[in-house]
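Taken in sequence, the protein lines are chains A and B.
Heads up, the working numbering is the position in the first sequence plus 9, with the first residue counted as 1.
Heads up, the working numbering is the position in the second sequence plus 10, with the first residue counted as 1.
Idealized CB from N, CA, C, for every residue including glycine.
Structure, as C-alpha cells:
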Amino acid sequence: MDMEYSLAFDGVVFHYPDTKEAALRELTVSIPKGRKTAVLGHNGSGKSTLFLHAVGILRPQKGTVQQGGRTLSYAKKELAALRRSVGLVFQDPEQQLILSTPLEDVSFGLRGTGMDEAAIAERCRSVMELLNLTELSDKPVHQLSLGQKKRTALAGVMAMEPELILLDEPTSYLDPLSETQMLQGLDLIHEKGTTVVMATHDMNLAYRWADWIIVLDQGRCRAEGTPEEIFAGAEELQAIGLGLPLLADLWYSLPARHTAGQPPPRTAEDFKAVLTRLLNS
Amino acid sequence: MWKSSFAALMFLLSYTVHPVLQIVITLWMMSWCILHAKIPYRAYGLLFGTALLFYCLSVPALLVEFGHPAAGEAGVFRISGQPLPMYITAAGLERAGELLARISACMSCFFFLMFTTPFSELLQVLRRLRMPQIVLELMLIMYRFLFLLNDAAHGLMLARRLRGGRRGYKARLRETAAMAGALFGNTMHRYYGLSQGLLTRGFTGEIILPPYTARPVPRRYAVRAYAGIAVLVLAQLWLWLRG
C-alpha cells in the first residue's frame, strides 16, 4: 500500500546517559499521514523516547529523522518549524501547563508566533469549545482535575494547528467519562485532517481507536499495520507479552466456522451485533 | 490595576498614619478579604499568624534592655538579682506596639492584593509598571512550582503516614530529612519535565504574557473604597491638628 508519511525514523539509535541498554535500537518506523496511529509497547519499550525525537528534544546518536522526506538538521529555525508542525502532549500535563489559567495557557504558543490578539482569542475560543473547556477558561490551572488538565494540555497543542499531534498515554489515570471526552476530542481533531498518534499500552483502546498500529519492543519496531493485520496473529504479540485485545481474544475463541475469514469486530456494539446474528441463525 | 492602585495607596497610608488608624486599616482590609472575597478565616489567620511569627521573633530585641535603666527612664518590668539585670521600658513597649500596628496594616494590604487578585492580572499590572521581563518569568515559574511542590510534598506526607511513619524524635528527624531529599529529587524531575514542555510548546527564550485588559470596577466597591480613604485621611488630619 502506498502511503504518505508525516515522519520517518531510519535506523535511530539512542542511549540515555548512565543506562546500560539503548532506549532505541536502530529503530526504523514511519508515521503515516492522516491516520489515527497507536504506538503500542511496554513501559520502557521506547515510546516516549520516540516522541521526544519526533519533536527534536532528543537527537538520534545514530540514524536520521525525516519530516516530509527531508532529513532534520536540527538547525534553530528548522526546530522551531518542526515544533510548530508537530505537537506533543505529555503523559503528565503538569509538564506543559505553563500559565495560570486554561485560557492563558492555550494562547501561550500562539503569542510566540506574532499572531494578533483578535485572531489568538478566536483560535483559543474555538479550540476550547471543541474540547469542552469554555467554562473552565478562567479557573486557576492548579484547581483543575487531571482530566481537565489533560484536555487543557491538548488544547494548548491543538491551538497551534499542527499537522501531527503526538499523545503520550493520553488516557492514563483518567476515569471512563474523562477518557471518553478525551477520545471524542481526538476524533474531532482527526476529522479536521490532523494526523494523531497515541502511545499506549492499553491494547483494548488501541484496537478500538486506531486505524494504524506500530508495535515497539525494546527500542525496535516489531510490527506495523492495520489493527486487523496486527491482531490476526496472537503469537507474536504474546511473545513480547502484549497479548490480544479482549474483543479479538473473544472472537478467536468462538468456533472457527462462525469466524472463519472474518476479522474480529472493533467495538462492543459490533461484537454484540455479530453475536445476535449468530444466535438467531 | 484599580485594585493594585487601591492596595498601594492603602499601603502608603499604613506607613504614615497614626497607630490607631493603622489598626482601623488592618480591620478594614481584613473585612474586604474575609467578608467580601470570602477567604476562609482559617487560611487568612494561618497566613497572618505565620507572618507575625517573624515579628514575635524580633520582639525580645525591641523590648528587653540589659543593665540599669538610665536616669528618668522607668523600667516597667525588671529582673534583678542577676549579674546583668534585665528590664523592659514603657518606650520599648510603645515601640513594639507601634511596630505591630504598622506591620499588621501593611500585611493586610498585601494580603488584600494577594488573595483577591488573580496571579496573571498581578503579572500584567507589574508588566505595565515596567517590571523586567526576566523577573516576571521567574515569578511565573515560581508560582507554577509552588503548586507542583505542594502536590509533591502532600503526596510524600500521605505516603509516609500510610506507611505508619516511625516513632521517636530521631527517627522522625531522619524521615523528614529523607522526605526533603525526595522532594528535591521530585522537584528536579518536574523542572526537567517543565523545561521539555516549554521547548515543545515553542518557547523561544521569552514567555509572552497576555496583554493587560482592564475590568470594570463594581460601583459599590469603588464608592466604599473612596469613602474609606477619605475618612482615613480626614481622621489623620484631625489627629495632627489635635497635636
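- Boundaries of the beta strand (DSSP E) around residue 226/A: 221 to 226.
- Residue 65/A and residue 92/A have their C-alpha atoms spaced approximately 8 Å apart.
- For residue 218/B, no alpha helix (DSSP H) segment is defined, and its DSSP state is neither H nor E.
- In this structure, the straight-line span from the alpha carbon of residue 280/A to that of residue 121/A is close to 48 Å.
- Below 8 Å, enough C-beta pairs join the stretch 186 to 202 of chain B and the stretch 157 to 166 of chain B to call them touching: three or more.
- Residue 272/A and residue 196/A have their C-alpha atoms spaced approximately 23 Å apart.
- Within chain A, no residue has its CB atom less than 7 Å from the CB of residue 144/B, the nearest being about 16 Å off.
- DSSP, read as helix, strand or coil, puts residue 41/A in strand.
- Under DSSP, residue 233/A forms a beta bridge with 223/A.
- Rounded to whole angstroms, the separation of the alpha carbons of residue 225/B and residue 18/A is 50 Å.
- Residue 69/B places its beta carbon 7 Å or farther from that of residue 96/B.
- When DSSP reads this structure, residue 79/A sits in a beta bridge with 76/A.
- Per DSSP, reduced to three states, the secondary structure at residue 15/A is strand.
- Against chain B, the CB of residue 174/A has no partner CB under 7 Å away; the residue lies outside that interface.
- In the three-state scheme derived from DSSP, where H, G and I count as helix and E and B as strand, residue 234/B is classed as helix.
- Of the residues 127/A, 109/A, 232/A, 128/A, the one whose Cα lies closest to the Cα of residue 148/A is 109/A.
- The C-beta of residue 15/B comes no closer than 7 Å to any C-beta of chain A.
- By the criterion of a C-beta distance shorter than 8 Å, residue 51/B is surrounded in its chain by 44, once the five residues flanking it on both sides are discounted.
- If you ignore the 5 residues before and after residue 129/B, its C-beta comes within less than 6 Å of the C-beta of 153, all in its own chain and listed in chain order.
- By the neighbour-count definition (other C-beta atoms within 10 Å, threshold 16), residue 114/A is a buried residue.
- Cβ neighbours of residue 220/B within its own chain (closer than 8 Å, five residues either side excluded): 130, 134.
- Between residue 42/B and the set 235/B, 248/B, 252/B, the nearest pair of CA atoms involves 235/B.
- In the DSSP assignment, residue 208/A falls outside any alpha helix (DSSP H) and lies within the beta strand (DSSP E) extending over 204 to 209.
- Judged by beta-carbon spacing, residue 111/A lies beyond the 7 Å limit of residue 73/A, meaning their Cβ atoms are not closer than that value.
- In this model, residue 127/B and residue 244/B are separated by some 28 Å (Cα to Cα).
- Residue 203/B reaches chain A at 99, 101, 103, 104, counting residues in chain order whose Cβ is nearer than 8 Å.
- A Cβ-Cβ contact shorter than 7 Å links residue 180/A with residue 191/A.
- Only buried fits residue 218/A, as 16 or more other CB atoms lie within 10 angstroms of its CB.
- Of the other Cβ atoms in all chains shown, fewer than 16 fall within 10 Å of the Cβ of residue 184/A; this residue is therefore exposed.
- Listed in chain order, the beta strand (DSSP E) runs fully inside the stretch 111 to 158 of chain A amount to none, counting runs of at least 3 residues.
- Chain order gives no chain B residues near residue 135/A, where near means a beta carbon separation below 7 Å; the closest approach is about 17 Å.
- Annotated three-state conformation of residue 36/B is helix, per DSSP.
- The continuous stretches of alpha helix (DSSP H) do not include residue 27/A, and DSSP gives it neither H nor E.
- Taking 7 Å as the cut-off, the beta carbon of residue 115/B is found closer than this to the beta carbon of residue 35/B.
- When the beta-carbon positions are compared, residue 48/A and residue 174/A stay at least 7 Å from each other.
- Assignment of beta-bridge partners to residue 71/A by DSSP yields 22/A.
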